[in-house]
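Right, one structure below, let's go through it.
Residue numbers (this note's numbering): 559 to 790.
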């Protein structure tokens, strides 16, 4: 995805290109965001990556013009990327030179791996085992003196991989625990450049909203009892 900085978007053609870049995120399976290593990571760059994060798409960050930087400058850029892109840690970073073709092969390998991660499949039993391990390592916090029960999980979709977790009172889980589960599943599934989306389903009570049906013998006994009550 390529977005020019807002200060440079001065004519209709460039504005149209910016809109098309945003639309491309929704249509893509893997998004490659190209950053200029000779310039600082800007608010525009972070905003674009934020849109990729919201979309749930796999992403690879290509840091361009890398071969023209000295060692000290490269270390500075790496630290800046760690600091400013912490919110999207799952994104793979590849350092390239589009002019000379350096690192482009590695970039394509990472794009392929990210695509495979976005299309991953897993059996319900395997996903449930991962959930149980996550709960054992870090149980859900107590809410109002009760612990949320997470019963089982399964894969509910791809691009991004979506884990559907069934349980009771799941709406009481704090965001911090939801993030923990997402990170845990991402590591367990060994996803590359790909986020995990977590969805929760309330386990329904099979007897809720059902009337108590009496057997013929119970109904007859009830009628006799009611007659006796009326006589008195």
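Backbone N, C-alpha and C define an ideal beta-carbon position, used for all residues, glycine too. All figures in this text were calculated on a predicted structure; none of them were measured in a lab.
For residue 752, three-class secondary structure by DSSP
Coil.
Once DSSP output is grouped into helix, strand and coil, what is the label at residue 592?
Here residue 592 sits in strand by DSSP.
Would you check if there are 3 or more beta carbon pairs closer than 8 angstroms linking the segment 694 to 709 to the segment 629 to 639?
Touching, no.
DSSP-derived helix/strand/coil call for residue 667:
Correct three-state label for residue 667: helix.
Considering only the beta carbon of each residue, do residue 680 and residue 618 sit closer than 8 angstroms?
No, Cβ-Cβ distance for residue 680 and residue 618 is not below 8 angstroms.
DSSP has residue 757 in a bridge; who is on the other side?
Paired residue(s): 722.
Burial state of residue 724 (16 or more Cβ within 10 Å)
Answer is buried; the Cβ neighbour count reaches 16.
For residue 682, is the classification buried or exposed, using 16 other Cβ atoms within 10 angstroms of its Cβ as the cut-off for buried?
Its Cβ having fewer than 16 others within 10 Å, residue 682 is exposed.
With a CB to CB cut of under 7 angstroms and the five nearest residues on each side skipped, what residues in its chain are close to residue 765?
With a pLDDT of 44 at residue 765, under the threshold of 50, the modelled position of this residue cannot be trusted; read the value that follows with caution. If we look at residue 765 and ignore the five residues flanking it on each side, it has no Cβ neighbours.
heavy atom of the ligand COA below 7 angstroms from residue 622 C-beta:
In the structure shown, the ligand COA is absent, as is every other ligand, since no ligand is present at all.
Enumerate in chain order the residues of its own chain whose CB-to-CB distance from residue 648 is below 6 angstroms, with the five nearest sequence positions on each side excluded.
753, listed in sequence order.
Given residue 698, which residues of its chain have a CB within under 7 angstroms of its CB, disregarding the five upstream and five downstream residues?
Cβ neighbours of residue 698 beyond the five flanking positions: 705, 706, 708, 731, 735.
Spatial distance of residue 718 from residue 773 (CA atoms):
Roughly 50 angstroms between the two C-alpha positions.
Taking 8 angstroms as the threshold (C-beta atoms), are residue 643 and residue 607 in contact?
Judged by beta-carbon spacing, residue 643 lies within the 8 angstroms limit of residue 607, meaning their Cβ atoms are closer than that value.
Am I right that residue 676 and residue 600 are in contact with their C-beta atoms under 8 angstroms? What's the rounded C-beta distance?
For a cut-off of 8 angstroms, the C-beta gap from residue 676 to residue 600 is around 27 angstroms, too long to register as a contact.
Using DSSP with H/G/I as helix, E/B as strand and the rest coil, what is residue 773?
Here residue 773 sits in coil by DSSP.
Mapping DSSP to helix, strand and coil, what is residue 615?
The three-state reading of DSSP puts residue 615 in coil, since its state is none of H, G, I, E or B.
When DSSP labels each residue in this structure, what does residue 655 get in the three-state scheme?
Looking at residue 655 - three-state DSSP - the assignment turns out to be strand.
Between the beta-carbon of residue 656 and the beta-carbon of residue 622, is there less than 8 angstroms?
A contact, by the Cβ cut-off of 8 angstroms.
Residue 636, enclosing alpha helix (DSSP H) - first and last residue:
629 to 642 is the span of the alpha helix (DSSP H), which, as asked, contains residue 636.
Check residue 766 in the structure and name its three-state DSSP category.
Only weak support is given to the placement of residue 766: the predicted model assigns it a pLDDT of 48, under 50, and the value that follows is read from those uncertain coordinates. Three-state DSSP puts residue 766 in coil, outside helix and strand.
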